[in-house]
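Residue numbers (the numbering used here): 455 to 750.
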């Protein structure tokens with residue numbers, strides 16, 4: 455969406471506040487809130503923040519960073535209506551020299567997408583994010599929301615929360631395909647349509663935002679920790695992957711003449727991931743808790 459069209463839509467939607475969102479190197483969501491009167495300047499020049507205080511971004515002597523809202527990510531936050539409606543933008547990060555910040559996960563992904571495009575491909579993904587819903591008692595101790603297992607019927611409260619999360623995601627323009635109870639007590643999964651990887655990464659960020667905020671409204675806590683309960687099922691995110699041939703307009707992984715209908719490109723793709731799996735773990739498993747999930 456063009457900047458001018460965004461400004462017109464903001465006025466039409468009667469927006470009073472803007473939340474500017476981004477993630478640190480570990481994928482933790484961050485935000486800066488500005489009044490709508492500052493939006494035009496933010497879209498033109500960005501919004502300053504101290505990058506040295508954000509995991510993986512910058513050292514103290516080079517801490518001046520700027521949030522640059524991506525106009526295409528504009529969406530109204532459905533539950534933030536008190537004292538005026540709020541809209542959300544996902545941001546890119548830039549340094550004071552006007553260059554993209556090297557530690558910005560969105561920029562890292564954009565570079566990879568550009569490299570794939572040079573080879574004639576778009577990288578498509580379909581994720582299956584899992585998370586837990588916990589109750590918290592007066593002593594701040596947590597317990598799973600329900601006692602369900604894989605594909606079990608949700609508790610009434612769980613059903614209400616999941617429905618509200620799905621409705622919020624659709625308000626953000628995310629088409630949910632399915633949701634179900636996972637293996638762990640109080641564990642759920644929400645799947646949405648596959649697409650280009652940058653768009654899907656933004657949608658995963660949005661899912662986490664919606665799940666955590668809506669859980670809070672029900673006095674619950676949503677967590678995407680890989681292993682929140684020792685001895686119980688961990689939360690993962692299966693990612694279905696394919697390469698789309700930009701020239702032929704076809705799935706580059708499909709070849710009916712090959713074994714399992716997997717093309718030579720698909721086989722090479724898988725071989726590359728297996729070869730580099732140790733290095734990939736730095737991104738796929740960025741915390742100590744990640745490895746607790748892998749070993750138990």
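Where a beta carbon is used, it is the ideal one built from N, C-alpha and C, also for glycine.
Asked: Just verifying my parser: in three-state terms, what is the DSSP assignment at residue 607?; Found: coil
Asked: When burial is assigned at 16 or more other CB atoms within 10 Å of the CB, is residue 661 buried or exposed?; Found: buried
Asked: Taking Cβ to Cβ, would you say residue 612 is nearer than 8 Å to residue 623?; Found: no
Asked: Relative to the C-alpha of residue 459, which candidate in 504, 476 and 497 has its C-alpha closest?; Found: 497
Asked: Just the Cα atoms here: how many angstroms apart are residue 564 and residue 570?; Found: 10 Å
Asked: In the region 508-594, which residue ranges form an unbroken beta strand (DSSP E) of at least 3 residues, counting only runs that do not cross its ends?; Found: 518-523, 529-531, 539-549 and 575-590
Asked: Which same chain residues end up closer than 7 Å to residue 720 when comparing Cβ atoms and leaving out the 5 residues on each side of it in sequence?; Found: 707
Asked: Just the Cα atoms here: how many angstroms apart are residue 478 and residue 548?; Found: 13 Å
Asked: In terms of alpha-carbon separation, which member of 711, 655 and 695 lies closest to residue 559?; Found: 655
Asked: If contact is defined by three or more beta carbon pairs under 8 Å, each pair taking one atom from either stretch, is the region 674-690 in contact with the region 720-729?; Found: no
Asked: For a quick check, are the C-beta atoms of residue 698 and residue 578 less than 8 Å apart?; Found: yes
Asked: Return the chain-ordered list of same chain residues with a C-beta closer than 7 Å to the C-beta of residue 694, the five sequence neighbours on each side being excluded.; Found: 579, 580 and 648
Asked: Are the beta-carbon atoms belonging to residue 519 and residue 505 less than 8 Å from one another?; Found: yes
Asked: Should residue 503 and residue 482 be called a contact, given that it needs their Cβ atoms to be closer than 8 Å?; Found: no
Asked: Rounded to a whole number of angstroms, what is the C-alpha to C-alpha distance between residue 470 and residue 528?; Found: 14 Å
Asked: How close, in whole Å, do the beta carbons of residue 532 and residue 625 come, if the pair is a contact with beta carbons under 8 Å?; Found: 5 Å
Asked: Below 7 Å CB to CB, which residues in the same chain sit around residue 568 once its five sequence neighbours on both sides are set aside?; Found: none
Asked: By Cβ distance below 8 Å, which residues in the same chain neighbour residue 561 in space, the five residues on each side in sequence not counted?; Found: 546, 547, 554 and 555
Asked: Please classify residue 489: is it buried, with 16 or more other beta-carbons within 10 angstroms of its beta-carbon, or exposed?; Found: exposed
Asked: List the endpoints of the continuous alpha helix (DSSP H) containing residue 727.; Found: 718-729
Asked: Using CA atoms only, rank isn't needed, just tell me which of 473, 627, 499 and 475 is closest to residue 457.; Found: 499
Asked: Any idea which residues DSSP pairs residue 597 with across the strands?; Found: 589
Asked: For residue 716 and residue 467, I'd like the C-alpha separation in whole angstroms.; Found: 47 Å
Asked: Do you know how far the Cα of residue 517 is from the Cα of residue 640?; Found: 40 Å
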